[in-house]
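Below is one structure; the comments refer to it alone.
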Ligand code: CUA
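Written as structure tokens, this is what we have:
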């Protein structure tokens with residue numbers, strides 16, 4: 006049966022079907038993941054003008070890529086089917102050069118690139134314009150957590166960036182150690198935090214809610230554990246949060262467990278790294294002055310509950326590889342419970 010035709014079209018159709026199923030499966034998995042995570046982290050649901058401009062550029066490129074894919078695959082399948090070797094067929098005809106074809110395949114990509122480049126460059130310039138923010142926040146990258154300073158507001162916090170909805174947020178990005186990258190997909194593209202210089206990033210959040218962010222530049226052992234949240238609030242909620250961050254905290258009653266915790270805090274290693282206004286002035290670790298107003302600890306890794314906080318104080322590196330917070334084997338369980346009780350007064 007030497008002259009039997011090999012059916013090529015069915016193979017091509019099967020291959021396309023498999024590709025389509027894979028593409029839909031990937032889309033489904035991504036959606037399921039986004040919905041199951043506490044705060045979805047996706048560029049495909051932009052919540053600011055900047056993020057929407059980036060998403061539009063992506064959409065345009067995806068459409069061009071689909072067109073190119075379909076045209077190239079169709080030409081490939083046609084060529085393979087039409088010009089395949091047939092038993093008894095004439096030998097292939099050799100040819101050299103085809104000016105029309107060469108001009109066409111040079112011009113077509115150039116035109117497509119122009120259609121991609123113009124919107125891309127427009128989006129870059131539109132969003133690179135320096136904007137004076139309604140709220141200015143200095144973001145300082147640390148291995149492996151985020152410091153958020155609100156100059157002029159007297160607020161110093163960590164890992165949870167609070168901003169008012171509909172107001173332009175201007176970020177000054179800095180780093181104390183290595184290069185990190187600030188990324189909240191819902192609001193803006195990635196921007197590096199580079200030691201010794203200040204980078205700028207602007208966005209105006211359009212919706213209230215809690216949005217996921219993450220370090221997007223490999224920065225050491227716990228790079229993958231360097232999360233943060235952006236909490237977008239109404240102006241009233243934001244003002245209330247800001248007032249709480251600045252409100253003084255009364256010293257604990259002298260007979261309380263919290264008072265014992267304060268004593269342990271003051272004579273322990275805590276003071277070397279952490280700041281609590283009026284108590285300690287360390288700048289290596291996060292400010293703990295209002296630590297119990299935060300929803301998470303360890304840069305978004307764990308809910309800020311008593312059990313997690315105790316485990317974290319006991320042995321941070323066991324929970325977060327490379328953590329610069331040293332294990333505290335010298336402390337008894339009672340000591341740690343007292344420290345937790347004290348930190349719970351910091352709200
Ligand atoms: Cu910081 Cu990766």
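In our numbering, the protein residues as written are 6 to 352.
Even for Gly, the Cβ is constructed at its ideal location relative to N, Cα and C.
Since the structure is predicted, the reported quantities are computational estimates derived from the model, not experimental observations.
- In the three-state reduction of the DSSP assignment, residue 64 falls in the helix class.
- Between residue 282 and residue 294, the C-beta gap is smaller than 8 Å, which places the two residues in contact.
- When DSSP reads this structure, residue 147 sits in a beta bridge with 150.
- Counted as a single uninterrupted DSSP element, the alpha helix (DSSP H) harbouring residue 348 occupies residues 338-350.
- Taking 8 Å as the cut-off, the Cβ atoms of residue 265 and residue 298 do not count as close.
- With a cutoff of 7 Å, residue 152 does not count as near ligand 1, since its C-beta is closer than that to no heavy atom of the ligand.
- If you check the C-beta of residue 278 against ligand 1, you find no heavy atom less than 7 Å away.
- For the set 136, 142, 102, 199, the Cα lying nearest the Cα of residue 148 is the one of 199.
- Distances between the C-beta of residue 110 and the heavy atoms of ligand 1 are all 7 Å or more.
- Rounded to the nearest whole angstrom, the C-alpha separation of residue 78 and residue 27 is 17 Å.
- Straight-line measurement puts the Cα of residue 316 at about 9 Å from the Cα of residue 323.
- Those residues that bring their Cβ nearer than 6 Å to a heavy atom of ligand 1 are 146, 149, 185, 220, 222, 223, 224, 228, 231.
- Within a 10 Å sphere around the beta-carbon of residue 155 sit 16 or more other beta-carbons, which makes this residue buried.
- Just so you know, the alpha carbons of residue 121 and residue 16 end up roughly 33 Å apart.
- A distance of 8 Å or more separates the beta carbons of residue 53 and residue 243.
- Our two residues, residue 133 and residue 163, have alpha carbons roughly 27 Å apart in a direct line.
- Per DSSP, the unbroken beta strand (DSSP E) holding residue 169 starts and ends at 165-169.
- Looking at the DSSP output, residue 219 bridges to 188, 232.
- Distance from the Cα of residue 249 is smallest, within the candidate group 146, 139, 159, for 159.
- By the neighbour-count criterion, in which a residue is buried when 16 or more other Cβ atoms sit within 10 angstroms of its Cβ, residue 201 is exposed.
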